[in-house]
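If you count the sequence shown from 1, position 233 lands on 1377 in this note's numbering, and the numbers rise without skipping.
Glycine included, every Cβ here is placed at the ideal spot set by N, Cα and C.
Please read the structure below before turning to the comments.
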Amino acid sequence: MRVQFVIRLILAFIFATIASIYSQLIPPFFGENSFIIRVLLTLAAGGLGYVVFPSIAEPVVKITMTTFNFVVHRLSFEVSRQISRRPATPVVPMSARPLILDTSAIIDGRILDIAKAGFVSGLILAPNFVLTELQQVADSSDSLKRTRGRRGFEVIEELKKTKDVQLQIWDKEQNGKLVDDKLLKLAKALNGRIITTDFNLNKLASVWNIAVLNVNDLANAVKTVSLPGENFEIKIVHLGKDSRQGVGYLEDGTMVVVSGSADKIGQTIKIEVTKNIQTPAGRMIFAKEV
């Protein structure tokens, strides 16, 4: 009731003000300024505004509520529609820094042994676009590539079972034309690190300031270091770049170039290490026959 009374007074004031303004246009029938007529008209208009409220209150309230409900409904509908159009994204904890598998690392297979040994743990992502590329390798007409691709899927399955490893398939679309582009953008978006054996991808990621775990770098880091002056035996298996050099390999795959042993192919000889060098392809040892 108090609200209705206040609204009545407001309408009365509005009507009276309008009447007072327009009453200035009335010609002076009685007296010079027709003051009495203007006062009466103002009071009458104010009374009309006070009385007219009950008849207009109900439609005004109805129109106001209808408009308000329409605006709220329309706004909630638009918000819901925009949210539904956004692709759902797998939840990755902000504190986690995921490792993202590259196709080359999966095909290589050594990541499985590294994980089983406990050197890699936590959240590992296998993007769907990487698995698609792996499927293309598995469907290759080349028997060696086909075997490697199928072995890659076995590696994925084994990683799922590995202790302390949480493997997730990232099945959302990622912008980019090539797999490497998508991989880099995903790693950038998630502040992740890429696991790869691809030398070119490694270099490109460094330009993007993205951390990379290169399995080849890890393998080189754990290889046995032979110091200059150390002696051991090795089998010469083929010629080197120089026609006077013979080449052999240690058990971990390290290449050993032996000077003056080109005629010892197929023989096991005793050598002395002269120097070690680190190349992008790995560590190399140079030696001479003792």
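Distance check for Val1309 and Ala1261, CA to CA, integer angstroms please.
The residue labelled residue 1261 in the question sits at position 117 within the sequence shown. The residue labelled residue 1309 in the question sits at position 165 within the sequence shown. Their Cα atoms are separated by approximately 11 Å.
Ordered along the chain, which non-local residues of its own chain (more than five positions away) have a Cβ less than 6 Å from that of Met1428?
Walking along the sequence shown from the start, residue 1428 turns up at place 284. Cβ neighbours of Met1428 beyond the five flanking positions: Met1399 and Ile1421.
Do Ile1380 and Gly1410 have their C-beta atoms closer together than 8 Å?
Within the sequence shown, numbered from 1, the residue matching residue 1380 stands at position 236. Within the sequence shown, numbered from 1, the residue matching residue 1410 stands at position 266. Contact: yes.
Between the Cα of Leu1394 and those of Lys1367, Gly1293, Asp1386 and Asp1252, spot the shortest distance and give me the residue it belongs to.
Here residue 1394 refers to the residue found at position 250 when the sequence shown is read from its first residue. When each option's Cα is compared against that of Leu1394, the closest is Lys1367.
Between which two residues does the alpha helix (DSSP H) containing Arg1295 stretch?
Counting from one through the sequence shown, the residue named residue 1295 turns up at place 151. According to the DSSP assignment, Arg1295 belongs to the alpha helix (DSSP H) that extends over Ser1287 to Lys1305.
Is DSSP giving Ser1220 helix, strand or coil here?
If you number the sequence shown from 1, residue 1220 lands on position 76. Residue state, collapsed to three classes: helix.
Buried or exposed, going by whether 16 or more other CB atoms sit within 10 Å of the CB of Ile1158?
In the sequence shown, counting from the first residue as 1, residue 1158 sits at position 14. Ile1158 is exposed by the Cβ-count criterion.
Since Ile1251 and Gly1293 should fall inside the 8 Å C-beta cutoff, what is the C-beta to C-beta distance between them, to a whole number of angstroms?
Taking the sequence shown and counting its residues from 1, one reaches residue 1251 at position 107. Taking the sequence shown and counting its residues from 1, one reaches residue 1293 at position 149. Correct: roughly 7 Å between the Cβ atoms.
Rounded to a whole number of angstroms, what is the C-alpha to C-alpha distance between Ala1431 and Pro1242?
Indexing the sequence shown from 1 puts residue 1431 at position 287. Indexing the sequence shown from 1 puts residue 1242 at position 98. Ala1431 and Pro1242: Cα-Cα distance of roughly 42 Å.
By a C-beta neighbour count over all protein chains shown, 10 Å radius and 16 as the cutoff for buried, is Asn1353 buried or exposed?
Counting from 1 along the sequence shown, the entry for residue 1353 is found at position 209. When all chains shown are included, Asn1353 counts as exposed.
What separation, rounded to the nearest whole angstrom, lies between the Cα atoms of Leu1219 and Ile1207?
Reading the sequence shown from its first residue, position 75 is the one you call residue 1219. Reading the sequence shown from its first residue, position 63 is the one you call residue 1207. So the two alpha carbons sit approximately 18 Å from each other.
Indicate the three-state DSSP secondary structure (helix, strand or coil) for Arg1337 in the structure shown.
Here residue 1337 refers to the residue found at position 193 when the sequence shown is read from its first residue. Strand at Arg1337.
Around the C-beta of Pro1271, are 16 or more other C-beta atoms found within 10 angstroms, so that it is buried, or is it exposed?
Your numbering for residue 1271 matches position 127 in the sequence shown. Under this definition Pro1271 is a buried residue.
Using only CA atoms, which one of Leu1256, Pro1372 and Glu1277 lies nearest to Ile1268?
Along the sequence shown, read from residue 1 onward, the residue named residue 1268 stands at position 124. With distances taken between Cα atoms, Ile1268 lies closest to Leu1256.
Tell me whether Val1215 is buried or exposed, calling it buried when 16 or more other Cβ atoms sit within 10 Å of its Cβ.
Counting from 1 along the sequence shown, the entry for residue 1215 is found at position 71. Classification for Val1215: exposed.
Taking the continuous beta strand (DSSP E) assigned at Lys1414, which residues delimit it?
Indexing the sequence shown from 1 puts residue 1414 at position 270. Residues Thr1412 to Thr1423.
Contacts around Ile1265, its chain only, beta-carbon distance under 8 Å, and the 5 residues preceding and following it disregarded
As a first step, residue 1265 is located in the sequence shown; it is residue number 121 there, counting from the start. In the sequence as displayed, the identity of residue 1265 is Ser instead of Ile. Cβ neighbours of Ser1265 beyond the five flanking positions: Ala1259, Asp1308 and Val1309.
Grouping DSSP H, G and I as helix and E and B as strand, with all else coil, what is Arg1427?
Counted from its first residue, the sequence shown places residue 1427 at position 283. Annotated three-state conformation of Arg1427 is strand, per DSSP.
Is Glu1298 buried or exposed, if buried means 16 or more other CB atoms sit within 10 Å of its CB?
Here residue 1298 refers to the residue found at position 154 when the sequence shown is read from its first residue. Classification for Glu1298: exposed.
Whose C-beta lies closer than 8 Å to the C-beta of Pro1231 among residues of the same chain, with five residues either side of it excluded?
Taking the first residue of the sequence shown as position 1, residue 1231 is located at position 87. Note that Pro1231 scores 49 on pLDDT, short of 50, meaning its location in the model is unreliable; the coordinates nonetheless yield the value given after this. Lys1316 and Glu1317, listed in sequence order.
Let's see if you can read the secondary structure: which residues bound the beta strand (DSSP E) around Leu1270?
Residue numbering aside, residue 1270 sits at position 126 when the sequence shown is read from its first letter. According to the sequence provided, residue 1270 is Ala. The question's Leu does not apply to it. That run of the beta strand (DSSP E) goes Gly1266 to Pro1271.
Buried or exposed for Thr1210, going by 16 or more other Cβ atoms inside 10 Å?
By one-based count along the sequence shown, residue 1210 stands at place 66. It counts as exposed.
Cut-off 6 Å between Cβ atoms - residues of its own chain near Asn1360, not counting five sequence neighbours on either side
Here residue 1360 corresponds to residue number 216 of the sequence shown, with the count starting at 1. Around Asn1360: Thr1341.
Since Asn1375 is in the beta strand (DSSP E), which residue starts that stretch and which ends it?
As a first step, residue 1375 is located in the sequence shown; it is residue number 231 there, counting from the start. Counting along the chain, the beta strand (DSSP E) containing Asn1375 begins and ends at Asn1375 to Lys1379.
Can you tell me whether Lys1432 is helix, strand or coil according to DSSP?
The residue you call residue 1432 lines up with position 288 of the sequence shown. In this structure, Lys1432 counts as strand in the three-state DSSP scheme.
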